Amino acid sequence: MIKLFKYAVILFLCSAPSSLYSQNNTNLESNSLVLQQAKELYEELRCLVCQNQSLLESEAPLALDLKELIKEKLKEGKTKKEVKDFLVERYGEFILLLPTLSLQNLFLWIGPFIFLFIGIIFAYKFYTNFNRSSNKTKTLNPAEKKNVQKILDEKLE
Amino acid sequence: MKKYYYYIPLITFILLILFFSRQLFLNKDPSHLPSVMLDESFPKLEFNQLAKYNLLTIEDIFSYDKPSLVNVWASWCVPCKIEHANLMLLKNKHSIRIYGINYKDNLKKADEILNLDGNPFYSIGVDSSGRIAINLGVYGVPETFILDRNGKIRYRHVGPILEYDIRETILPILTKLEQDD
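Chains as they are written, first to last, in numbering that gives the first Met the number 0: chain A, 0 to 156; chain B, 0 to 180.
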């Protein structure tokens, strides 16, 4: 009887931590999702004190406050977009490291392609012209041929 | 004849330079962000009290019938010390109402400074966590907002208010707001 009781105690002790662990685990999982989302947001947001750093890279007091705030908002169940909108409302689009695609930012987005297009056209024109003119010089007209022949003859003499 | 092609890169380059230099010279300091809160009503925030000083309330701001200033400051902030005398000047000489927001500060030291150098503020609200400042879009101290008589934010000044700023921006804006409607 005592033996059985001992086994029961041992069994209980073995099972207790695992049940505790599993409870912790679900907590950890939801926590790590928040942390994952928070980290993604940190990378997309600008630290306003050291302006070319993201929040993730920055240790400025304001950046730390903002990070804390972002984590809290995510824990409250806010989506990433809602948190972003909240910050943009207060600090402007400047806080986004990746500018949004809007009419105001259109040139920023399509500008490089326009320049690339101009470049391609220029390169095309330049090289086709270059080839044409180099082809032209290869064929001499009869007068030139005569002239060259004359010079060569002179040299040989 | 087709030589003008050769000038396209040069012309593009010059246009780019002009475009960039416009940003460089017109926007004097890129670290001064324009406020998104402009023309918005001052947000309905709640503050804690600092020592014996009047507590800043939203009712204060909206019941006042003249333009006013909201100054975010802290005792640890050196530019705030530079600005302090000018805030006193605005209060005493130009009789402008200034609300103070005490940002992430040691309250004892904040009290000491006001005892020592004088209190330019009509009322003060404490923001010990920095959350209120984030709600206002503040990203450094000192920052000052000019409110019109309806409690709308009309101007944001980043950095200390110098004599030059009082003369060139703060007072002209205040008189203009006073003349409006």
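For glycine and all other residues, C-beta sits at the position ideal for the given N, C-alpha and C. Only a predicted model underlies this, so the values are computations on that prediction, with no experimental measurement involved.
Through-space distance from residue j to residue i, alpha-carbon basis
i	j	result
R130(B)	L44(B)	10 Å
R148(B)	E177(B)	8 Å
L25(B)	F19(B)	10 Å
K151(B)	E71(A)	29 Å
K77(A)	N51(A)	27 Å
E56(A)	V71(B)	26 Å
I150(A)	P141(A)	14 Å
D84(A)	V35(B)	12 Å
L88(B)	L100(A)	46 Å
L94(B)	V77(B)	In the sequence as presented, Leu is not what sits at residue 94(B); that position holds Ser. Each residue's Cα considered, the two are about 25 Å apart.
Contact set for residue i: own chain, Cβ-Cβ below 8 Å, skip 5 residues either direction
i	result
Q36(A)	L73, K79
E39(A)	K79
I94(A)	L44, R45, L47, L86, V87
L37(B)	I152, R153, Y154, R155
7 Å Cβ cutoff met for residue i and residue j
i	j	result
L49(B)	I123(B)	yes
P141(B)	P159(B)	yes
I60(B)	F46(B)	no
Y126(A)	G136(B)	no
R153(B)	I145(B)	yes
E42(A)	S29(A)	no
P98(A)	L107(A)	yes
V68(A)	Y138(B)	A small correction: the amino acid at residue 68(A) is Leu; Val does not occupy that position in the sequence shown. Not in contact: L68(A) and Y138(B) (Cβ atoms no closer than 7 Å).
D64(B)	I100(B)	no
Residue closest to residue i, alpha-carbon to alpha-carbon, out of the options
i	options	result
H156(B)	L68(B), L15(B), D147(B), K108(B)	L68(B)
G117(B)	R153(B), K90(B), I100(B), I7(B)	K90(B)
K92(B)	K80(B), P119(B), R21(B)	P119(B)
N114(B)	N134(B), K65(B), I10(B), Y52(B)	Y52(B)
P8(B)	F114(A), T138(A), L139(A)	F114(A)
G110(A)	D179(B), Y63(B), C79(B), T11(B)	T11(B)
C79(B)	Y5(B), I13(B), T143(B)	T143(B)
Y3(B)	L102(A), L65(A), L100(A), N128(A)	N128(A)
S128(B)	T138(A), D64(A), I120(A)	D64(A)
Y102(B)	I169(B), I57(B), N134(B), I95(B)	N134(B)
Y6(B)	E143(A), A122(A), N146(A)	A122(A)
Residue i, DSSP secondary structure in three states
i	result
N101(B)	strand
S94(B)	coil
L54(A)	coil
K124(A)	helix
N53(B)	coil
V137(B)	coil
S67(B)	strand
L100(A)	coil
I119(A)	helix
F46(B)	coil
G124(B)	strand
S40(B)	strand
I145(B)	strand
L47(A)	coil
V157(B)	strand
W72(B)	strand
K151(B)	strand
L105(A)	helix
Same chain, Cβ closer than 7 Å to residue i, five either side skipped, listed in chain order
i	result
Q148(A)	none
E162(B)	N85
S74(B)	D104, N105, K108, A109, I112
A59(A)	C46, V48, C49
Chain-order list of residues whose beta-carbon lies under 6 Å from that of residue i (same chain, five-residue window excluded)
i	result
L55(B)	F46, Y98, S122, I123, G124
V33(A)	L73, K74
L173(B)	P66
Would you list, in chain order, the members of the stretch 41 to 64 of chain A that have their beta-carbon closer than 8 Å to a beta-carbon of chain D?
Judged by its chain identifiers, the structure shown contains no chain D, and its protein chains are A and B.
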